[in-house]
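Colleague: Please find one structure pasted underneath; my questions will follow.
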Amino acid sequence: MSEKITGAQALIRALEKEGVDTIFGLPGGCILPAYDPLLDSPIRHILVRHEQGAGHMAEGYAHVTGRPGVAMVTSGPAATNMVTPLCDAYMDSIPMVCITGQVPTGAIGTDAFQECDTVGITRSVTKHNELIMTANDIPLMVRQAFHIATTGRPGPVLLDLPKDVLQNQMTWHWPTDDEVLDSLPGYRPTLKGHPRMIKEAARLILESRQPVLYVGGGILKARAAEVLRELAELIDAPVVTTLMARGAFPDDHPLCLGMPGMHGNATAITAMQKSDLLITLGARFDDRITGKVAAFAPDAKVIHVDIDPAEQGKVRRPDVPIVGDCRLVIEEIVKAIRELLAAGEALADTSAWKSRISGWREQFPLHYSSSQPGDALKPQYCLEQLRDLSPEGTILCSGVGQHQMWSSQYWKFNEPYTWVNSGGLGTMGFSVPAAIGAKVGRPDRTVWAVDGDGCFQMTAQELVTASVERIPIKVAVLNNSYLGMVRQWQEMFYEERYSEVYLSPELPDFVKWAEAMGCVGIRVESPEEVEPAIEKANSIDDRSVVVEFRVDAGEKVFPMVPAGQSNDDVILHPEQSSRREFLR
Amino acid sequence: MSTTPAPAAHHILSVLVENRPGVLARVAGLFARRGYNIFSLAVAPTEDPMLSRITIVVDVESAPLEQVVKQLFKLIDVVKISELDPRRSVERELLMATVRVPAEDRGQVVELTNIFEGKILAVGVEAITVSLEGSPDKLDDFEELLRGYGIVELQRTGRVALPKLDREARTRPQKYGKAS
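Chains B and U, in that order, are what the protein sequence lines are.
Here this note's numbering is used: the first residue of the first sequence is 1, the next is one more, and so on.
Here this note's numbering is used: the first residue of the second sequence is 585, the next is one more, and so on.
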C-alpha cells in the first residue's frame with residue numbers, strides 16, 4: 001500500500017486516527033494547508049478569538065476528559081501566543097498536543113514574515129517538541145506526540161510544521177506501537193513501583209500513629225481516585241487534597257480534611273505539620289503547600305509516590321521513594337497492607353490523632369464575617385449559594401486569585417474531574433476559555449467559570465467563540481474592582497499602600513459586554529438578588545450567561561500562610577485568632 | 585562555562601543522546617533553566633551513528649548532582665546517563681595554543697612542547713602554534729608554562745572521558761538506565 005497524499009492530509013488523518021474529535025484553533029498563513037483537509041474531516045474545529053484561548057480550551061478539555069486537548073495555530077505571533085497555555089499545561093501536567101505552522105523549510109532562519117523559532121521558544125515549556133522537516137515523518141511524529149503527551153507524567157507536546165512540509169506529497173504509513181517505541185529509545189516511563197519500597201511503605205503505614213494522605217494532581221492523572229478511597233478507608237487515615245487534586249477524594253467523606261497550603265484550611269495545614277507520616281501520592285511539595293521547607297512537617301517520615309523520578313528528593317527527601325503510576329502503586333500498597341493484616345499485624349492506634357484532628361475541625365471551620373444589612377455583598381456568600389444551587393456534577397473552572405482560593409475552599413468537590421484551574425503557573429484569564437473547553441469535553445454537564453474582574457478582562461472575548469459555536473457556559477464574575485489578591489498582599493505586607501491594583505468601579509459594564517458577546521448579562525448587588533440570579537443562570541441552557549456579583553473589596557482570603565513562612569505561623573481569620581492555642 | 589581549573593568537587597556525566605537536531609540546545613537549555621552550571625562540554629557522534637555522546641563536567645556546587653541527572657533524564661532524546669567518578673575514569677582533553685615568540689627564542693617553546701610530548705602544528709615568523717593532548721591537569725601545567733611566552737590564542741576542547749577498565753572487581757560506573 002503506497003497511497004500518496006499531502007503532508008496536510010496526513011496530519012489530519014493522523015489526528016483522526018489518534019481519536020481526536022475536537023481541535024481548538026485559528027488559521028493563518030503557514031498553517032493554511034492543514035485547514036483545507038480539515039473541511040473534509042469529522043473533527044470539529046472551534047474557531048477561537050485569540051490563540052491563547054485555543055490553548056486554555058485544549059487544557060480545559062483535557063482536564064475533564066483525561067484525553068489530550070489539541071490546539072492548532074499558525075506560525076510566529078500565533079505560536080508566541082500559545083506559550084502561556086503550553087507553560088500552564090507543563091506546570092500542571094496536562095496532556096496536550098499543539099500544532100503550529102512554520103515558514104517553508106527554505107525560509108527558516110531568514111527572518112521571514114511571521115517566522116519565529118517556535119521550537120526554541122517553547123523548548124522549556126513543553127514536555128517535548130519537534131520541528132518536522134519532511135512530510136513522510138508526520139504520522140510517526142504525531143503518534144510520538146500523543147504517546148509522550150499522555151504517558152508517564154503527562155504534558156504538552158508541540159509539533160512545528162513548515163508550510164512546504166504540509167504541501168508536499170508523502171507516502172501514507174501508520175506506524176505500529178512497536179515502531180513508535182523503537183523510535184523513542186530514551187523514553188520508558190516507570191509504571192510499576194519497586195516491590196521492596198512498596199513493602200517498606202506498607203510497614204511504615206502500619207506503624208504510623210499520625211498519618212496523613214497528602215494527595216496531589218497525580219492521582220487524577222493516574223485515574224486513581226477509587227483506589228485512593230480504598231486505601232484511605234483501609235487505613236482509616238485523613239486525606240488532604242491539594243489545589244490540583246480537589247475532587248480526587250470526596251469533600252463530604254468523613255476522612256477528607258480539604259485543601260492544605262497557603263490558603264488551605266487550618267486543620268489540613270496543621271495535620272500535615274504535626275503528622276508523623278506523610279503518604280504523598282502524586283504531589284510535589286510545591287512551595288504553596290510547604291511554606292518554609294525547613295519548617296514543614298518536621299516530624300514526618302515521607303512516602304513519596306510519583307511517576308516523575310525528578311520529583312523524588314527535589315524539595316523534601318523521602319524516606320520511601322516510589323517511582324511509578326499512582327494507581328498501580330496504590331493497588332500494590334493496598335495489597336501489601338492486606339497481606340500484613342492477614343498475617344496478624346495490626347494498624348497502630350490512631351485514635352488520639354483522630355480526636356486532635358476533630359478538635360481542630362471544630363475550632364477552625366472556614367469562616368468569613370457575614371454581611372450586615374446595607375453592607376457590600378460577600379464573595380464567599382455568592383460561592384456558597386452557587387455551590388448549593390448548582391446541579392450535581394457541575395464542573396467548576398476558575399481563574400487565578402482570591403476568587404480561585406474561595407472557589408476551592410467553599411465548593412464541595414465530591415467527584416473527580418469537576419475542578420479545572422491553573423495551579424502551577426497561576427495564569428490569570430484561564431477560566432473562561434478553560435470552561436469552554438470543559439463544556440466541549442463534557443457537554444452533558446453544567447459548567448460554571450468563577451472569575452475575578454481582573455482575570456475576566458484578559459480573555460473574556462472567548463465568550464464570542466462560545467456564542468458562535470453554541471457552547472453554553474456560565475460565568476460568575478466576582479467584581480471587587482481590584483486585583484484582589486495583590487490588594488490583599490499590599491494590605492497585609494505593604495502597610496496598606498495600594499499600588500496599581502484599583503481597576504475601576506464602573507468600567508467595563510460587564511452586563512453590556514456580556515450582551516455584546518451574545519450572552520445573557522445579569523448584575524447582582526445585594527444578597528437577596530444572589531439566589532434568583534443563579535437560578536436564572538442555571539435555567540438558561542441555549543446561551544452563555546455572565547453574572548456580575550458586585551462584591552466587597554475589603555474581603556481577604558483566610559487562612560493564609562505568608563510566602564516563605566512556616567505553616568505553623570498560619571494567619572487565621574481575625575475572628576478565630578483568639579483560639580490559636582488550640583492549634584497544637 | 586569557565587576557564588579556571590575544574591573544582592575538586594566536579595562530576596563528569598557521560599550522556600548518550602539521540603543524534604538529532606536540537607539535542608545540544610535541549611541539554612544546554614535545561615542547565616540554564618534549572619540554574620545548573622556547566623564547567624565544560626564536549627559533543628561528538630559515537631560508534632553508533634544514531635547516537636551522540638555528550639561529556640559534561642558539572643559544577644556540583646550549583647545543584648545536587650542527583651537532580652541534574654534526573655532532570656536530564658526527562659529529556660526524551662536522552663538515552664543513557666553514566667556518572668564517571670574522576671578517580672575511576674580516564675579523561676583526555678586537547679589544547680591548541682598560538683604563542684608569540686621571536687625566531688631566536690622559538691627553540692625554547694619547541695623544547696617545552698617536546699618535554700610535554702606535544703606537537704608543533706604551525707610555525708610563523710614571530711609565532712608558533714602547538715598542540716597537546718592529555719589529562720586536563722597536564723594541560724593546565726603546559727598552559728601555565730606557555731603563558732610566560734605570551735599566548736595569542738588558546739583553545740581547549742573540554743574533557744572527554746570513559747570509565748577506567750577495572751581488572752579486579754566488577755565495579756561498573758553508576759548507570760542510570762531508562763528501561764527498568
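A virtual CB, placed ideally from N, CA and C, is assigned to each residue, including glycine.
Given a cut-off of 8 Å, decide if residue 247 (chain B) and residue 417 (chain B) are closer than it, judged by their beta-carbon atoms.
Modeller: Working through the first sequence from its first residue, we reach residue 417 (chain B) at position 417. Working through the first sequence from its first residue, we reach residue 247 (chain B) at position 247. For residue 417 (chain B) and residue 247 (chain B), yes; Cβs fall inside 8 Å.
Colleague: Under 8 Å, Cβ to Cβ, is there at least one residue of chain U near residue 271 (chain B)?
Modeller: In the first sequence, the residue the question calls residue 271 (chain B) occupies position 271. Taking Cβ atoms only, chain U never reaches closer than 8 Å to residue 271 (chain B), which makes this a no.
Colleague: Are any of the Cβ atoms in chain U nearer than 8 Å to that of residue 175 (chain B)?
Modeller: The residue you call residue 175 (chain B) lines up with position 175 of the first sequence. No, residue 175 (chain B) does not count as interfacial toward chain U.
Colleague: Name the chain U residues that come within less than 8 Å of residue 310 (chain B), Cβ to Cβ?
Modeller: Stepping through the first sequence from its first residue, residue 310 (chain B) is reached at position 310. In chain order: 651, 654, 655, 657, 658.
Colleague: Comparing C-alpha positions only, which one of U:600, U:736, U:614, U:735 sits nearest to residue 667 (chain U)?
Modeller: Taking the first residue of the second sequence as position 1, residue 667 (chain U) is located at position 83. The shortest Cα separation from residue 667 (chain U) among U:600, U:736, U:614, U:735 belongs to U:600.
Colleague: Identify, in the order they occur along the chain, each residue of the same chain with its Cβ nearer than 7 Å to the Cβ of residue 331 (chain B), setting aside the five sequence neighbours on each side.
Modeller: Translated into positions along the first sequence, residue 331 (chain B) becomes position 331. Within the same chain, residue 331 (chain B) has close Cβ partners 227.
Colleague: Could you compute how far the alpha carbon of residue 348 (chain B) sits from the alpha carbon of residue 209 (chain B)?
Modeller: Taking the first residue of the first sequence as position 1, residue 348 (chain B) is located at position 348. Taking the first residue of the first sequence as position 1, residue 209 (chain B) is located at position 209. Rounded to the nearest angstrom, the two C-alpha atoms are 6 Å apart.
Colleague: Taking the beta strand (DSSP E) that residue 372 (chain B) falls in, what are its first and last residues?
Modeller: The residue labelled residue 372 (chain B) in the question sits at position 372 within the first sequence. Neither: residue 372 (chain B) is in no beta strand (DSSP E) and is coded neither H nor E.
Colleague: Whose Cβ in chain U lies nearer than 8 Å to the Cβ of residue 119 (chain B)?
Modeller: Sequence index remark: in the first sequence, residue 119 (chain B) carries index 119 (1-based). 606, listed in chain order.
Colleague: Of all Cβ atoms in chain U, is any one closer than 8 Å to the Cβ of residue 253 (chain B)?
Modeller: Against the first sequence, residue 253 (chain B) aligns to sequence position 253. Judged by the 8 Å Cβ criterion, residue 253 (chain B) is not in contact with chain U.
Colleague: Would a check of beta-carbon distances place residue 316 (chain B) closer than 8 Å to chain U?
Modeller: Locating residue 316 (chain B) in the first sequence gives position 316, where the first residue counts as 1. False, the Cβ-Cβ gap to chain U never drops below 8 Å.
Colleague: What does DSSP give as the partner residue(s) for residue 31 (chain B) in the beta ladder?
Modeller: Position 31 of the first sequence, counting from 1, holds the residue named residue 31 (chain B). Residue 31 (chain B) pairs with nothing; no bridge assigned.
Colleague: From the DSSP output, in three-state form, read off residue 256 (chain B) for me.
Modeller: If you number the first sequence from 1, residue 256 (chain B) lands on position 256. Looking at residue 256 (chain B) - three-state DSSP - the assignment turns out to be strand.
Colleague: Report back the beta-carbon spacing between residue 204 (chain B) and residue 337 (chain B) to the nearest angstrom; my notes put them in contact at under 8 Å.
Modeller: By one-based count along the first sequence, residue 204 (chain B) stands at place 204. By one-based count along the first sequence, residue 337 (chain B) stands at place 337. Contact flag wrong, Cβ pair sits at about 11 Å.
Colleague: Let's test the definition: count the other Cβ atoms within 10 Å of the Cβ of residue 370 (chain B) and tell me whether it reaches 16, buried, or not, exposed.
Modeller: The residue you call residue 370 (chain B) lines up with position 370 of the first sequence. So residue 370 (chain B) ends up on the exposed side.
Colleague: Select from the region 156-173 of chain B all residues with a C-beta closer than 8 Å to any C-beta belonging to chain U, and list them in chain order.
Modeller: Listed by position, the residues of the region 156-173 of chain B near chain U (Cβ gap below 8 Å) amount to none.
Colleague: Quick check on DSSP: helix, strand or coil for residue 763 (chain U)?
Modeller: Here residue 763 (chain U) refers to the residue found at position 179 when the second sequence is read from its first residue. Reliability of the predicted coordinates at residue 763 (chain U) is poor, the pLDDT of 42 falling under 50, and the value obtained from them is presented with this limitation in mind. Coil.
Colleague: Taking residue 409 (chain B) as the reference, give the member of B:346, B:263, B:477 with the closest Cα.
Modeller: Counting from 1 along the first sequence, the entry for residue 409 (chain B) is found at position 409. That would be B:263, whose Cα lies nearest to the Cα of residue 409 (chain B).
Colleague: Please give the ranges of any beta strand (DSSP E) in the region 98-145 of chain B, keeping only runs that are unbroken, at least 3 residues long and fully inside the region.
Modeller: List check, beta strand (DSSP E) in window: 128-131.
Colleague: Among B:152, B:355, B:185, whose alpha-carbon lies nearest the alpha-carbon of residue 311 (chain B)?
Modeller: Along the first sequence, one-based indexing puts residue 311 (chain B) at 311. Answer by Cα proximity: B:152.
Colleague: Just to confirm, is the Cβ distance from residue 255 (chain B) to residue 238 (chain B) under 8 Å?
Modeller: The count along the first sequence starts at 1 and reaches residue 255 (chain B) at position 255. The count along the first sequence starts at 1 and reaches residue 238 (chain B) at position 238. Contact flag set, yes.
Colleague: For the 8 Å Cβ check, are there 3 or more pairs between the region 646-656 of chain U and the region 695-706 of chain U?
Modeller: The region 646-656 of chain U, when compared against the region 695-706 of chain U, does not touch it at the 8 Å Cβ threshold.
Colleague: With 16 other CB atoms within 10 Å as the buried threshold, where does residue 468 (chain B) fall?
Modeller: Here residue 468 (chain B) refers to the residue found at position 468 of the first sequence. Answer is exposed; the Cβ neighbour count stays below 16.
Colleague: Just to confirm before moving on: does the CB-CB distance between residue 420 (chain B) and residue 456 (chain B) stay below 8 Å?
Modeller: Here residue 420 (chain B) refers to the residue found at position 420 of the first sequence. Here residue 456 (chain B) refers to the residue found at position 456 of the first sequence. Taking 8 Å as the Cβ cut-off, residue 420 (chain B) and residue 456 (chain B) do not qualify as a contacting pair.
Colleague: Whose Cβ in chain B lies nearer than 8 Å to the Cβ of residue 662 (chain U)?
Modeller: The residue labelled residue 662 (chain U) in the question sits at position 78 within the second sequence. Correct list: 186.
Colleague: With contact counted as at least three CB pairs below 8 Å, one residue from each stretch, are the region 132-149 of chain B and the region 172-180 of chain B in contact?
Modeller: Cβ pair count under 8 Å is three or more, so yes.
Colleague: Can you grab the Cα-Cα spacing for the pair residue 675 (chain U) / residue 288 (chain B), in whole Å?
Modeller: Taking the first residue of the second sequence as position 1, residue 675 (chain U) is located at position 91. Taking the first residue of the first sequence as position 1, residue 288 (chain B) is located at position 288. About 44 Å.
Colleague: Is it buried or exposed for residue 372 (chain B), if we count other Cβ within 10 angstroms and need 16 for buried?
Modeller: Against the first sequence, residue 372 (chain B) aligns to sequence position 372. Answer is exposed; the Cβ neighbour count stays below 16.
Colleague: Does residue 215 (chain B) pass the burial test, meaning 16 or more other C-beta atoms within 10 Å, or should it be called exposed?
Modeller: Within the first sequence, the letter at position 215 stands for residue 215 (chain B). That one is buried.
Colleague: Would you check if there are 3 or more beta carbon pairs closer than 8 Å linking the region 740-750 of chain U to the region 672-688 of chain U?
Modeller: The answer is yes - the region 672-688 of chain U touches the region 740-750 of chain U, with three or more Cβ pairs under 8 Å.
Colleague: Taking just the CA atoms, how far does residue 253 (chain B) sit from residue 415 (chain B)?
Modeller: Within the first sequence, residue 415 (chain B) is the residue found at index 415, counting from 1. Within the first sequence, residue 253 (chain B) is the residue found at index 253, counting from 1. Straight-line Cα distance between these residues: approximately 11 Å.
Colleague: For the candidate residues U:623, U:624, U:622, U:639, whose alpha-carbon lies nearest to that of residue 630 (chain U)?
Modeller: Position 46 of the second sequence, counted from the first residue, corresponds to residue 630 (chain U). Minimum Cα distance to residue 630 (chain U) is reached at U:639.
Colleague: Report the three-state DSSP secondary structure of residue 59 (chain B) (helix, strand or coil).
Modeller: Taking the first residue of the first sequence as position 1, residue 59 (chain B) is located at position 59. Three-state result, residue 59 (chain B): helix.
Colleague: Under a three-way DSSP split, which group does residue 397 (chain B) fall into?
Modeller: One-based indexing of the first sequence puts residue 397 (chain B) at position 397. Strand, per DSSP.
Colleague: Show which residues of chain B have a CB atom less than 7 Å away from the CB atom of residue 610 (chain U).
Modeller: For the purposes of this step, residue 610 (chain U) is identified with residue 26 of the second sequence, where counting begins at 1. Going along chain B in sequence order, the residues near residue 610 (chain U) (Cβ under 7 Å) are 123.
Colleague: Can you tell me whether residue 379 (chain B) is buried or exposed? The criterion is at least 16 other CB atoms within 10 Å of its CB, across all chains shown.
Modeller: Here the question's residue 379 (chain B) lines up with position 379 in the first sequence. Burial call: buried.
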